[in-house]
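Residue numbers (our numbering): 374 to 628. Before any comments, here is the structure.
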Amino acid sequence: MTRLVLDDRFDAPALDLDRWVPHYLPQWSTPELTAARYDLGPDGLRLRVDADQRAWHPDEPGVRVSSLQTATFSGPAGSERGSHRHRPGLRVVTPEPTRLLCTPTGGRAEATLRMRPDPTAMLAFWLAGTEVDDPTDAGVLCAVELFGHAIRPGESDVNVGVEAHHDPRLQDDMATLTLPLDATQWHTYGVEWSARAPGIRFTVDDRVVRVVDQQVAYPLLLFVDLFDLTDGGPLDPSLYPKTGDVRRVRVWSER
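The following block contains the structure:
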């Protein structure tokens, strides 16, 4: 049995900072580089990457991000402890307090999203292990990745699945599904899982599109991310801002 623990329609005058941290992995970089750019309006949350926005990390010059997340955690400056160590070599630059705003260990999470057909942009909804208690609690449930270049008339490619990262109990199991949907319109992408039994279900508009026979049994934080993925060279300002829309996020927890 689950209970609703988060339901945000992004219809308030300001972002609810008791629910969201408006930064992308702030422990691995500096606040001015990790801060999200966004607007709130009649359709909810619009994440933006602007032409003057710098890469989120000096070692990833082609990656600009505007992201919200529901927890932070890190060790001291210079350490390797922190949530979502997605690549080797990351060390804490800005120590973060442990803030666990919404970190379910099982249940269901869903986001209603809309994406533009932009060749360098990607909108994602992920859940990742907080790693607070154990650095191997690091798996990722990818509820959806929407790449702008993979949106076509009458169909869109969506990436869903599991990434193990530093969790030896998991195996990478990602898939690209071609679905008969227009990702430039609103659709709800979800993931259901349990800490008590294997079986991770990925859904689109309440329809199961994939099942992965693995199990995650530790707290996960949510990410809603807009990425601009380039070669790191000069940008054409006329192609900005990049945008991705979020109308609603809901989470039900087993606990």
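Just so it is clear, CB atoms sit at the ideal spot from N, CA and C, and this is done for glycine as well. Keep in mind that this is a model prediction, so the values were computed, not measured.
Give the C-beta separation of Ala484 and Val619 to the nearest angstrom, bearing in mind that I take them to be a contact with Cβ-Cβ under 8 Å. 6 Å
In terms of DSSP beta bridges, what is Tyr411 paired with? Leu420
What three-state label does DSSP hand Glu405 in the structure shown? Secondary structure at Glu405: helix, using DSSP grouped into helix, strand and coil.
Pull up the distance between the alpha-carbon of Arg454 and that of Pro470, whole angstroms please. 12 Å
Going by DSSP, which residues form a beta bridge with Glu528? In the DSSP output, where bridge partners are listed per residue, Glu528 has Arg525.
Where the beta strand (DSSP E) containing Val466 begins and where it ends: Premise fails: Val466 is in no beta strand (DSSP E) and is neither H nor E.
Rounded to whole angstroms, what is the Cα-Cα separation between Asp579 and Asp491? Each residue's alpha carbon lies about 26 Å from the other.
In chain order, what residues of the same chain have a beta carbon less than 7 Å from the beta carbon of Ala501, not counting five sequence neighbours either side? Ser456, His457, Val513, Leu593, Leu594, Phe596
Using DSSP with H/G/I as helix, E/B as strand and the rest coil, what is Leu379? Residue state, collapsed to three classes: strand.
Of the residues Pro508, Val394, Ala537, Ser611, which one's Cα is nearest the Cα of Thr445? Val394
By how many angstroms is the C-alpha of Asp546 removed from the C-alpha of His582? The identity of residue 582 in the sequence shown is Val, whereas the question assumes His. Rounded to the nearest angstrom, the two C-alpha atoms are 14 Å apart.
Give the straight-line distance between the Cα atoms of Gln442 and His396, rounded to the nearest whole angstrom. 7 Å
Backbone secondary structure at Gln544 - three-state DSSP: coil
Residues sharing a beta bridge with Cys515, DSSP: Trp499, Gly534
Spell out the partners DSSP gives His560 in its beta bridges. According to DSSP, which records beta bridges pairwise, His560 is partnered with Leu486.
Which partner residues of Asp601 appear in the DSSP bridge assignment? For Asp601, which the question treats as bridged, DSSP gives the partners Arg437, Ala494.
Ser529 vs Leu554 beta-carbon contact at 9 Å: In terms of Cβ geometry, Ser529 and Leu554 form a close pair [threshold 9 Å].
Excluding sequence positions up to five away, which residues of its chain have a Cβ less than 7 Å from the Cβ of Trp559? Thr485, Arg487, Arg620
Assigned secondary structure, Ser447 (DSSP; H/G/I helix, E/B strand, else coil): strand
In this structure, what does DSSP give as the bridge partners for His396? Ala408
Ser626 in three-state terms, based on DSSP: strand
Spatially closest choice to Gln400 from Asn532, Gly527, His430, Cys515, by CA coordinates: Nearest option by C-alpha distance: His430.
DSSP-derived helix/strand/coil call for Leu554: coil
Cα separation between Pro449 and Pro468? 6 Å
Using three-state DSSP, classify Leu612 as helix, strand or coil. helix
Presumed contact (8 Å Cβ cut-off) between Arg464 and Gly451, rounded CB distance: 6 Å
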